[in-house]
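Colleague:
2 protein chains.
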Amino acid sequence: MITQKAKYALRALTVLAEADDGEPVMISDIAAQQKIPKKFLEQILLDLKHQGIVVSRRGKQGGYLLLKPADMITFGEVLRIIDGPIAPLPCLSITAYRKCDDCDDEQNCEIRHVFAKVADATRKVLFSTTIADAVAPRGAEVTRMLA
Amino acid sequence: MITQKAKYALRALTVLAEADDGEPVMISDIAAQQKIPKKFLEQILLDLKHQGIVVSRRGKQGGYLLLKPADMITFGEVLRIIDGPIAPLPCLSITAYRKCDDCDDEQNCEIRHVFAKVADATRKVLFSTTIADAVAPRGAEVTRMLA
DNA sequence: TTAATCTCTATTGATTTAGTAGGGTTACAC
DNA sequence: GTGTAACCCTACTAAATCAATAGAGATTAA
Chain A
4 MITQKAKYAL RALTVLAEAD DGEPVMISDI AAQQKIPKKF LEQILLDLKH QGIVVSRRGK
64 QGGYLLLKPA DMITFGEVLR IIDGPIAPLP CLSITAYRKC DDCDDEQNCE IRHVFAKVAD
124 ATRKVLFSTT IADAVAPRGA EVTRMLA
Chain B
4 MITQKAKYAL RALTVLAEAD DGEPVMISDI AAQQKIPKKF LEQILLDLKH QGIVVSRRGK
64 QGGYLLLKPA DMITFGEVLR IIDGPIAPLP CLSITAYRKC DDCDDEQNCE IRHVFAKVAD
124 ATRKVLFSTT IADAVAPRGA EVTRMLA
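Top line first, the protein sequences correspond to chains A and B.
Letter by letter, the first sequence follows residues 4 to 150 in our numbering.
Letter by letter, the second sequence follows residues 4 to 150 in our numbering.
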């Protein structure tokens, strides 16, 4: 299960993706629109800012904007920032590799072998889907395939 | 990430799969062989027993055996028993569906749509891989494909 | 200059994780 | 028929994580 926090982050980004270009959206507007506790959302957006996903403007008329175009922000990178490694085992993580405590011969680990496939399949989906895909009207994928 | 408990469960089952047919394996042997805390393993095997994956014999000369052949026990069903739902969102779980608190129109949820693909891809791997696959010598898959 | 807005750190209660503890029950071996 | 080696079951606990809340600080437009 992904965390509530990650869900909030993705929803918040879809709001920013749908905003007019260059127009910052206030935290409180995002929070209201997506039913996210405002103070919690503040932390989330701050994380996303520190990791280069969004930018902010302070003071009156301030708010948040996407730093990159929505079709350049993948679900995978957002999940990594908020929830940590995508991989189901530490020894399969690309960004946070760690040997399993109870495993000595990693190459021959029966478990690892199977979960490597799971990780690949998951990554394939998460890194090929962007925030733009999420906000696209349903049926857009078909449209694109026909184009 | 899957839990340590699930990893232990899968490893324990591979031990049972490699045991001689009809020969029970003692908890302490499994624990020693796979470096699993014995008392913790007791609980795990008990769960697996209650869910019809293994059977036990009590008393002296007792131990555990697989209830079904190893190639009929999938990673998916073991994970469900130990870690709960496979799905990354409660609203995508087959066995434990629950509406997301913050979501009213499930059909049009942008997030759900993406994670449905993740769930499908994950299930495809987890329910097509069995304990028998895990214990099979490396290269067996290729062998099978050439056969 | 003031009010609206983001920034940052700390704290908290609930839940989950990864075990430990400690009896109880069963059945083989002698 | 008794001892003891095995599984059975429930409860407990320490640490980590999750989902927030709290509150003071910094910045900027009006």
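A virtual CB, placed ideally from N, CA and C, is assigned to each residue, including glycine.
So the beta strand (DSSP E) B/Y100 belongs to, where does it begin and stop?
Modeller: It is not in any beta strand (DSSP E) - B/Y100 carries neither H nor E in the DSSP assignment.
Colleague: Beta carbon of A/A73: closer than 7 Å to some heavy atom of the ligand NAD?
Modeller: For the ligand NAD, the structure offers nothing, since it holds no ligand at all.
Colleague: Using only CA atoms, which one of B/D74, B/F43, B/P40, B/A119 lies nearest to B/L19?
Modeller: Checked all of B/D74, B/F43, B/P40, B/A119; the closest Cα to B/L19 is B/D74.
Colleague: Determine contact between the region 29-37 of chain B and the region 4-18 of chain B, defined as no fewer than three beta-carbon pairs at a distance below 8 Å.
Modeller: These segments touch.
Colleague: Mind pulling the chain A residues with CB within less than 7 Å of B/L19?
Modeller: None at all; the shortest Cβ gap to chain A is about 13 Å.
Colleague: Between A/A137 and A/D86, which are expected to be in contact by the criterion C-beta below 8 Å, what is the C-beta distance as a whole number of angstroms?
Modeller: Not really, about 17 Å apart at Cβ, beyond 8 Å.
Colleague: Pair every Cβ in the region 116-124 of chain A with every Cβ in the region 77-97 of chain A, then say whether three or more of these pairs are closer than 8 Å.
Modeller: Yes, the region 116-124 of chain A touches the region 77-97 of chain A.
Colleague: Assuming A/T6 contacts B/V117 under a Cβ cut-off of 8 Å, what Cβ separation, rounded to an integer in Å, is found between them?
Modeller: With a Cβ gap of about 16 Å, A/T6 and B/V117 do not count as contacting.
Colleague: Report the three-state DSSP secondary structure of B/S31 (helix, strand or coil).
Modeller: Correct three-state label for B/S31: helix.
Colleague: Per the DSSP calculation, A/R60 is bridged to which residue(s)?
Modeller: For A/R60, which the question treats as bridged, DSSP gives the partners A/G66.
Colleague: Would you kindly check if the distance between the Cβ of A/M4 and the Cβ of B/P88 is under 8 Å?
Modeller: Yes; because the gap between Cβ atoms is below 8 Å, this pair is in contact.
Colleague: Please classify B/T125: does DSSP put it in a helix, a strand, or coil?
Modeller: Here B/T125 sits in helix by DSSP.
Colleague: So for A/T17, helix, strand or coil by DSSP?
Modeller: In this structure, A/T17 counts as helix in the three-state DSSP scheme.
Colleague: Cβ closer than 9 Å: which chain A residues qualify as neighbours of B/A34?
Modeller: What B/A34 touches in chain A: nothing, since even the nearest Cβ is about 11 Å away.
Colleague: Bridge partners of A/T133, per DSSP?
Modeller: DSSP lists A/T77 as partners of A/T133.
Colleague: Quick one: which residues of the region 103-137 of chain B get their C-beta closer than 8 Å to a C-beta of chain A? List them in chain order.
Modeller: Under the 8 Å Cβ criterion, the region 103-137 of chain B contributes C103, D105, N111, E113, I114, H116, V117, F118, K120, V121, A124, T125, K127, V128, L129, T132, D136, A137.
Colleague: Using beta-carbon positions only, say whether A/L129 and A/G79 come within less than 8 Å of one another.
Modeller: Cβ atoms of A/L129 and A/G79: closer than 8 Å.
Colleague: The alpha helix (DSSP H) with A/K41 in it runs from where to where?
Modeller: Segment 41-53, the alpha helix (DSSP H) holding A/K41.
Colleague: Take the Cβ of A/Y11 as the centre, count every other Cβ of all protein chains shown within 10 Å, and call the residue buried at 16 or more, exposed below.
Modeller: That one is buried.
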